[in-house]
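For the sequence shown, numbering that gives the first Met the number 0 begins at 0 and goes up steadily by one.
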Amino acid sequence: MHTKKDTMKHIFTIIITSLALNTVRAQPVISSGFVTGMAAINGTTYTHTGNIGLGNYQFVCASKNEPRFFASSFTTQQLYFIDVATSAIIDSMAVNLYDITAMNENSTLFAVGDNDEMYRINTATKAIVDSANFPSIHMLSERPGEKEIWGLADGKIYIIDYTSGLSGTPLNMPVSSFDGLGARFTTGGSLAYLSSSVTNKLYKVDAATKTVIDSSAAMPVTPYTAEVSHDSSKVFVSSPNAFVIYIFNAATMALTDSINTGTREPFELYRHPSRQELWVVNHFKDSLTVYDENTGALITAFDISSSPHFLAFASGATSVRNMVPGAEQILVFPNPASETLNIVMADDKARSLLLYDTYGRCIRRVDINTRQATFDISGLAKGTYFMAILQDHRTIKTLTWTKE
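This is the structure:
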């Protein structure tokens, strides 16, 4: 009788919590895309939740203070404004842009336009408020905590101060204007790292003195772009031709490890804004791969829209509604005697169950293709967990569960 009473308590807790979480907190992400539009992504459950628009959207970024994503298309010569909560295009501005970034300043977007012109755009008024010309400038990076834009060019990095106007100082170094994402900074912005397809090396730059202070030995295969870990101890460098991500010690610049990416060529690399995760864009596989920064272990891989290159993470979590009808037909309840979760589906369609800890880390995944399944929880520590059930790469049910 005692066991039956405890079981019912656990069932009650899960069902009530599940109903309360029809609206869940998520990390909104979008990717650039061609033909099929941009991908809307739930960064908490690692799912492609739908596409935004149709056609080609070459560059994307997120606003610092507004609940907006931005996307530029040199096909339509428009800058698009996208609502974070609904993933809907809500406005646009007629301007032809080739790269965009909006991380540091409120209601401010920096961009590269026609004829190597760099723009400062007020996104609240949709007006170009400043511009300057920097020959062959391509990718832009904002230095954290400083009024600086670092622009990649052939044989140099432009370091552009925007305290008053747009004044740039070139730092000569052996890089190409098409070396991936350009300068990538430590969390505090004191150091910048750039990989070079010219020399196959990784370079370290003192951001305060604007000097190159170290470089690695040449990599075995041509690199594409770099990214710095959250704790600034590692630098990751992608090499699509080698199907590998090189891992460097950020202090010594020594190549210490690598990640074999299998059949997916790794292009752009991004560190997640709040979790110790490395997000990798697989341009030719129309997909994303997520790795644990600390161990290099694969967390997940999932398909998104066609031919992605760039990602934008919303500056904060927002409410995202579960829009899939019939989600209430799925039941999940524990069996304390065997330390398993019993899962009952409405049918035998293929689904996946993902379990997350309170830090948002995916700690277990089970694929399901029957009406009934069990999920072993015997190895889990006591505490609260979040679950997401996925079907066709979309979240169809979310709930929380506490192991006592």
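Idealized CB from N, CA, C, for every residue including glycine.
A straight-line Cα-Cα distance of about 28 angstroms links V197 and S286. Of the residues I51, N41 and P27, the one whose Cα lies closest to the Cα of T35 is I51. If you check the CB distance, S237 and F266 come in under 9 angstroms. One alpha carbon belongs to G42, the other to I81, and they sit about 17 angstroms apart. If you ignore the 5 residues before and after H47, its C-beta comes within less than 7 angstroms of the C-beta of A38, I40, F301, D302, I303 and H392, all in its own chain and listed in chain order. Under DSSP, L277 takes part in a beta bridge, and its partners are R270 and Y290. In chain order, F242 and V243 place their CB closer than 8 angstroms to the CB of N259, counting only its own chain and leaving out the 5 sequence neighbours on each side. By the CB criterion at 9 angstroms, A101 and T124 fall outside the cutoff.
Secondary-structure assignment with DSSP links V236 through a beta bridge to A225 and Y245. Closest in alpha carbon position to T185, among W400, K402, H229 and K200, is H229. Here DSSP, grouped into helix, strand and coil, assigns D366 to strand. Taking a contact as a CB-CB distance under 8 angstroms, the pair L170 and I148 does not count as one, their CB atoms being some 13 angstroms apart. Spanning the alpha carbons of G179 and R370 requires a straight line of approximately 46 angstroms. DSSP, reduced to helix, strand and coil, places N103 outside both helices and strands of the structure shown, so it counts as coil. The beta-carbon distance between I99 and F69, rounded to whole angstroms, is 6 angstroms. This is short enough to meet the 8 angstroms contact definition.
If you draw a 10 Å sphere on the C-beta of Q76, you find fewer than 16 other C-beta atoms in it, and that means exposed. The beta strand (DSSP E) runs lying completely inside the region 119–165 and spanning 3 residues or more are 126–132, 139–141, 147–152 and 155–160, given in chain order. Per DSSP, the beta bridge partners of F385 are Y355 and T399.
Exposure of G164 is indicated by the presence of fewer than 16 other C-beta atoms within 10 angstroms of its C-beta.
Here D129 has Y118, R119, Y161, G164 and L165 as same chain residues with Cβ atoms under 8 angstroms from its own Cβ, once five neighbours each way along the sequence are excluded. Note that the C-beta distance between T373 and T399 is not below 9 angstroms. Distance from the CA atom of V211 to the CA atom of V59, rounded to whole angstroms, is 29 angstroms. A distance of 9 angstroms or more separates the beta carbons of M252 and V204.
Look at the beta carbons and you see the region 376–383 not touching the region 342–350: under three pairs across the two are nearer than 8 angstroms. DSSP places D347 outside both helix and strand once states are collapsed to three, so it counts as coil. Short of 6 angstroms from the beta carbon of F33, and not among the five residues preceding or following it, lie these beta carbons of its own chain, in chain order: N55, S305 and S306. K233 is classed as buried because its beta carbon has at least 16 other beta carbons within 10 Å across all chains shown. In this structure, G188 lies near P143, with their beta-carbon atoms less than 9 angstroms apart. Beyond the five residues adjoining it in sequence on each side, D256 comes within less than 6 angstroms, by CB distance, of I246 in the same chain, given in chain order. Its chain contains N105 and S106 as the residues whose beta carbon lies nearer than 7 angstroms to that of N64, once the 5 sequence neighbours on both sides are disregarded; these appear in chain order. Around the beta carbon of L53, a 10 Å sphere encloses fewer than 16 other beta carbons of the protein chains shown; the residue is thus reported as exposed. Its Cα nearest to that of F177, the residue S195 stands out among S195, Q57, T168 and G112.
Within the DSSP secondary-structure output, S257 pairs in a beta bridge with Y245. Looking at the DSSP output, T75 sits in no beta bridge, so it has no partner there. Looking at G181, N199 and T208, the one whose alpha-carbon comes closest to that of Y269 is G181. Distance from the CA atom of T294 to the CA atom of T44, rounded to whole angstroms, is 20 angstroms.
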